[in-house]
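Structure first, commentary second.
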Amino acid sequence: MTDLPTIKAVYTDGACSGNPGPGGWGTVIYFVDGQVHEMGGHASGTTNNRMEMQAAIAALQFLQNNDYDGPIELNTDSKYLIQGITQWMSGWKRKGWKTSAGKAVLNQDLWMTLDKLKQDLATSQGVDIDWRYVKGHAGNVGNERCDEIARAYSHKQSIRLKQLTAKVLASKQLSSTRTADNGPKSEEADCDRIAAEAPDRQNQMNTEAGDTLQRLSHILNRLQMADTLAEHGYLITTQELADLVNETVSDIAKRGAQWTWRNWSVVQVGGNGADKDFWQLERLDSLY
Numbered sequence: 013m014t015d016l017p018t019i020k021a022v023y024t025d026g027a028c029s030g031n032p033g034p035g036g037w038g039t040v041i042y043f044v045d046g047q048v049h050e051m052g053g054h055a056s057g058t059t060n061n062r063m064e065m066q067a068a069i070a071a072l073q074f075l076q077n078n079d080y081d082g083p084i085e086l087n088t089d090s091k092y093l094i095q096g097i098t099q100w101m102s103g104w105k106r107k108g109w110k111t112s113a114g115k116a117v118l119n120q121d122l123w124m125t126l127d128k129l130k131q132d133l134a135t136s137q138g139v140d141i142d143w144r145y146v147k148g149h150a151g152n153v154g155n156e157r158c159d160e161i162a163r164a165y166s167h168k169q170s171i172r173l174k175q176l177t178a179k180v181l182a183s184k185q186l187s188s189t190r191t192a193d194n195g196p197k198s199e200e201a202d203c204d205r206i207a208a209e210a211p212d213r214q215n216q217m218n219t220e221a222g223d224t225l226q227r228l229s230h231i232l233n234r235l236q237m238a239d240t241l242a243e244h245g246y247l248i249t250t251q252e253l254a255d256l257v258n259e260t261v262s263d264i265a266k267r268g269a270q271w272t273w274r275n276w277s278v279v280q281v282g283g284n285g286a287d288k289d290f291w292q293l294e295r296l297d298s299l300y
């Protein structure tokens, strides 16, 4: 049985520049006591789907490594991941990891890893996973944070992650070495414990404040860049626009020729394909 706090929800996301290209994944675990644990990673020459899967793998490995027991809710904006793990997996396995068309299943290595983790968690730790779809880029805090982490790692950019203290993560190992002494603790021992934990609490508060300022600074830089682009009428490519609005190229392609992002109207002004399109920004308040 784990000494971790009860998990409220898990969020995962992946990102990839080029698809295939350099990619990143992000995983955020929210606990009912308000604590947050974030993870992320980078891979070169990968795809968006593989990064979505890797984020989920990291989440399940965290549960396994910390002996977590009980149900969890895992949220992802990848229908590929959800349908694969909940609908297609059994058929693939019956067919020897072949699709209904007789072709080899893409990303079989990661699917097999996910399948084994899921089964091991269910049989050994009683973990029942509720796989939930959440729409991407729709303002969901957990999804947006995972996306931010995944994008940072895909571009090898520095990003500060919230982490459970080493003391909490190590509690499983510590519990196995505790003595059987269940007698009352002395006031001196309690004072020592409180004094030892105080710096951890302060460090966590400082880290959270730093995270907030860092995110605001990053957002402000993007907004100022958008204002400059609109003011001078600069044309930008689809990839540049995707980086600016923090979306994937495929997301941009679904947007259409004209749409709104924050304070700007975004208009497609030419090109015959996603790699040739140009876009222009214009402030909404200048249109009225």
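Going by this note's numbering, 160 is the number at position 148 of the sequence shown; the sequence numbering is gapless. Virtual Cβ for every residue (Gly too), placed ideally from N, Cα, C.
TODO: With DSSP as the reference, label A27 as helix, strand or coil.
DONE: Looking up residue 27 in the sequence shown gives position 15. The answer is strand: DSSP assigns A27 an E or B state.
Task: Whole-angstrom C-beta distance between L241 and L293, which should lie under 8 Å - done: The residue labelled residue 293 in the question sits at position 281 within the sequence shown. The residue labelled residue 241 in the question sits at position 229 within the sequence shown. Contact holds; Cβ gap of about 5 Å.
Task: alpha helix (DSSP H) segment containing I4, residue limits - done: This structure does not reach residue 4, given that the chain is present from 13 up to 300, and the question cannot be answered.
Task: Euclidean distance between Cα positions of W273 and A265 - done: Translated into the one-based positions of the sequence shown, residue 273 becomes position 261. Translated into the one-based positions of the sequence shown, residue 265 becomes position 253. About 14 Å.
Task: Counted within 10 angstroms of its Cβ, other Cβ atoms place Q185 as buried (16 or more) or exposed - done: The residue labelled residue 185 in the question sits at position 173 within the sequence shown. In this prediction, Q185 scores a pLDDT of 44, lower than 50, which makes its location untrustworthy; the coordinate-derived value is nonetheless stated afterwards. Answer is exposed; the Cβ neighbour count stays below 16.
TODO: Determine the extent of the beta strand (DSSP E) in which Y42 is found, giving its start and end residues.
DONE: On the sequence shown, position 30 is the one that residue 42 refers to. Its beta strand (DSSP E) spans residues G33 to F43.
Task: DSSP bridge partner residues for W123 (one or two, in chain order) - done: For this step, residue 123 is matched to residue 111 along the sequence shown. None; W123 has no bridge partner.
Task: Reference G53, options T59, D45, Q47 and G35, closest by Cα - done: Numbered from 1 along the sequence shown, position 41 holds the residue referred to as residue 53. Out of T59, D45, Q47 and G35, G35 has the C-alpha closest to the C-alpha of G53.
Open item on the list: Going by beta-carbon coordinates alone, are T18 and V44 separated by less than 7 Å?
Closed with: Stepping through the sequence shown from its first residue, residue 18 is reached at position 6. Stepping through the sequence shown from its first residue, residue 44 is reached at position 32. Taking 7 Å as the Cβ cut-off, T18 and V44 qualify as a contacting pair.
TODO: Would you kindly work out how many angstroms separate the C-alpha atoms of G245 and V40, rounded to a whole number?
DONE: To locate residue 245, count along the sequence shown from 1; it is residue 233. To locate residue 40, count along the sequence shown from 1; it is residue 28. Between G245 and V40, the C-alpha separation is close to 38 Å.
- [ ] Within the same chain, show all residues whose beta-carbon is closer than 6 Å to that of R163, passing over the 5 residues directly before and after it, in chain order.
- [x] Residue mapping note: residue 163 aligns to position 151 of the sequence shown, counting from 1. Around R163: A27.
Task: alpha helix (DSSP H) runs wholly inside the segment 44–121, at least 4 long, in chain order - done: Runs found: 60–77, 91–95 and 101–106.
- [ ] State the DSSP-derived secondary structure class of E294, mapped to helix, strand or coil.
- [x] The residue given as residue 294 occupies position 282 in the sequence shown. Correct three-state label for E294: strand.
Task: First and last residue of the uninterrupted alpha helix (DSSP H) at I161 - done: Along the sequence shown, one-based indexing puts residue 161 at 149. Run containing I161: V153 to S166, per the alpha helix (DSSP H) assignment.
TODO: Would you check whether the ligand NAP has a heavy atom nearer than 6 Å to the C-beta of A113?
DONE: Among the components of this structure there are no ligands whatsoever, and the ligand NAP is therefore not found.
- [ ] Measure the C-alpha to C-alpha separation of W123 and W109 and round it to an integer number of angstroms.
- [x] Within the sequence shown, numbered from 1, the residue matching residue 123 stands at position 111. Within the sequence shown, numbered from 1, the residue matching residue 109 stands at position 97. W123 and W109: Cα-Cα distance of roughly 10 Å.
TODO: Spatial neighbours of Y92 within its chain, please: CB distance less than 8 Å, with the 5 preceding and 5 following residues excluded, ordered by chain position.
DONE: Position 80 of the sequence shown, counted from the first residue, corresponds to residue 92. Only N61 and E64 meet the Cβ criterion.
Open item on the list: Can you check which of these residues, A21, T58 and T88, is closest to D159 by C-alpha distance?
Closed with: Taking the first residue of the sequence shown as position 1, residue 159 is located at position 147. The residue with the shortest Cα to Cα distance from D159 is T88.
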